[in-house]
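Colleague: Chains as they are written, first to last, in my numbering: chain A, 3 to 206; chain B, 4 to 98. Before we start, here is the structure in question, set down as structure tokens.
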Amino acid sequence: MTHELWWYTARASGLVSWALLSASMLWGLVLSTKLRPPRLRPNWTLDLHRYLGGLAVIFVGVHLAALVFDSYVGFGLAELLVPFASHWKPVAVAWGVTGLYLLLAVELSSLARKRLPNRLWRRLHFLAFPLYVVATLHMLTAGTDARTALALLAVAAAGVTIGALTAIRSQALRSGIMAPAAPRPPAPRPVSPRARLPKEGALR
Amino acid sequence: MTSSKKPHPARRARRITGAVSAASFLGLGAWFAAHAPSTTATAATAGSSTTKSASTELDDEIRQAATSYSSSTASASTASTASTQSTAHTTSRGS
Numbered sequence: 003m004t005h006e007l008w009w010y011t012a013r014a015s016g017l018v019s020w021a022l023l024s025a026s027m028l029w030g031l032v033l034s035t036k037l038r039p040p041r042l043r044p045n046w047t048l049d050l051h052r053y054l055g056g057l058a059v060i061f062v063g064v065h066l067a068a069l070v071f072d073s074y075v076g077f078g079l080a081e082l083l084v085p086f087a088s089h090w091k092p093v094a095v096a097w098g099v100t101g102l103y104l105l106l107a108v109e110l111s112s113l114a115r116k117r118l119p120n121r122l123w124r125r126l127h128f129l130a131f132p133l134y135v136v137a138t139l140h141m142l143t144a145g146t147d148a149r150t151a152l153a154l155l156a157v158a159a160a161g162v163t164i165g166a167l168t169a170i171r172s173q174a175l176r177s178g179i180m181a182p183a184a185p186r187p188p189a190p191r192p193v194s195p196r197a198r199l200p201k202e203g204a205l206r
Numbered sequence: 004m005t006s007s008k009k010p011h012p013a014r015r016a017r018r019i020t021g022a023v024s025a026a027s028f029l030g031l032g033a034w035f036a037a038h039a040p041s042t043t044a045t046a047a048t049a050g051s052s053t054t055k056s057a058s059t060e061l062d063d064e065i066r067q068a069a070t071s072y073s074s075s076t077a078s079a080s081t082a083s084t085a086s087t088q089s090t091a092h093t094t095s096r097g098s
């Protein structure tokens with residue numbers, strides 16, 4: 003029963019990871035296209051976008067751990083980290099390994115955003131698009147439950163929505179409506195109230 | 004004294020998202036466990052030895068049940084004075 007438990011854990015965490023990645027993509031696009039309702043403030047949307055990404059990383063970790071402990075397929079660290087090292091569906095697993103590295107690049111660069119140049123962070127963050135494509139391919143080719151009607155419906159709905167938002171965003175970028183944010187100038191140094199007062203000698 | 008202060012919307016969104024994710028994970032796991040035949044089908048596709056041994060055991064059970072049924076039928080049809088040895092002989096033949 004124990005090895006079956008790990009197999010169920012791997013399948014469930016994989017599906018939840020994909021759903022969280024989709025939700026994070028959607029929130030990120032809602033934030034960047036500025037199509038959000040006025041009720042949703044940008045900082046709340048950004049906070050939820052980051053939280054969804056973090057949750058997706060956690061569930062991917064659960065997915066990998068469950069695959070290591072599962073004895074049915076027999077994955078080791080090499081099969082999880084090296085593309086085409088797996089004897090079980092090598093191409094499908096390679097999609098997942100590639101997605102893992104892209105996810106780490108996106109998440110780690112976001113964590114270190116304040117220390118990175120804005121242009122570099124933006125380029126790294128654009129890896130989220132190939133990440134989503136690769137994760138969806140991994141789910142469809144390796145997933146045991148990918149052939150179910152519900153899974154196919156979810157993939158189609160998420161794909162259409164994300165594709166439409168991406169098209170809107172790229173169109174707006176081309177037309178110059180939403181130009182990429184320019185690097186912010188350094189904020190003026192705060193002036194203490196005492197510094198505003200004239201010197202004591204000047205008053206006398 | 005309970006404070007009636009509402010949580011911040013961002014914090015509430017985080018809580019809801021986390022709860023929905025955990026519930027989905029547990030629900031999917033339970034659903035997979037409840038619908039175990041899908042796992043068996045997958046194992047059969049992959050040529051798992053577990054399925055093979057399980058099917059062999061099932062075949063043995065069916066064979067044993069058929070043997071015991073035939074022996075009981077045979078012993079019922081013979082005379083009531085038939086000895087245990089003759090029943091055993093019929094059984095070995097029937098199987």
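Just so you know, even glycine gets a beta-carbon here, dropped at the ideal spot from N, CA and C.
1) Closer than 8 angstroms, CB to CB, is B/T17 near chain A or not?
2) By the three-class DSSP mapping on this structure, what secondary structure does A/A114 have?
3) How long is the line joining the alpha carbons of B/F28 and A/D147, rounded to whole angstroms?
4) With 16 as the cutoff for other CB atoms within 10 Å, does A/G101 come out buried or exposed?
5) Can the beta-carbon of A/L23 be found less than 8 angstroms from the beta-carbon of A/A67?
6) For A/W97 and A/L139, which I take to be in contact (beta-carbon distance under 8 angstroms), what is that distance rounded to the nearest angstrom?
7) Determine the chain A residues that contact B/P12 at a beta-carbon separation under 7 angstroms, and present them in chain order.
8) Which residues in chain A sit within 8 angstroms of B/A22, going by Cβ to Cβ distance?
9) Got a sec, what are the start and stop residues for the alpha helix (DSSP H) A/P44 sits in?
10) Excluding five sequence neighbours on each side, which residues of the same chain lie with their C-beta closer than 6 angstroms to the C-beta of A/W123?
11) Under 8 angstroms by Cβ, that's how I've got A/W29 and B/A13 pegged, so tell me the actual separation to the nearest angstrom.
12) At the level of alpha carbons, what is the spacing between A/A12 and A/V93?
13) I need the straight-line Cα distance from A/R125 to A/R149, nearest angstrom please.
14) Helix or strand or just coil, what does DSSP make of A/G145?
Modeller: On the basis of the supplied data:
1) The question names Thr, but residue 17 of chain B is Arg in the sequence shown. Yes - at least one Cβ of chain A is within 8 angstroms of the one on B/R17.
2) In this structure, DSSP gives A/A114 a state outside helix and strand, which the three-state scheme calls coil.
3) In this model, B/F28 and A/D147 are separated by some 14 angstroms (Cα to Cα).
4) Buried.
5) No, the Cβ-Cβ distance between A/L23 and A/A67 is not below 8 angstroms.
6) Right, their Cβ atoms sit about 5 angstroms apart.
7) Simply W46.
8) The contact set of B/A22 on chain A, defined by CB atoms closer than 8 angstroms, is empty, because the minimum CB distance reaches about 11 angstroms.
9) Start and end: P44 to F71.
10) The residues are S111 and R115.
11) Their Cβ separation, rounded to whole angstroms, is 12 angstroms, which puts A/W29 and B/A13 out of contact at 8 angstroms.
12) Spanning the two alpha carbons is a distance of roughly 18 angstroms.
13) Cα to Cα, A/R125 sits roughly 34 angstroms from A/R149.
14) In the three-state reduction of the DSSP assignment, A/G145 falls in the coil class.
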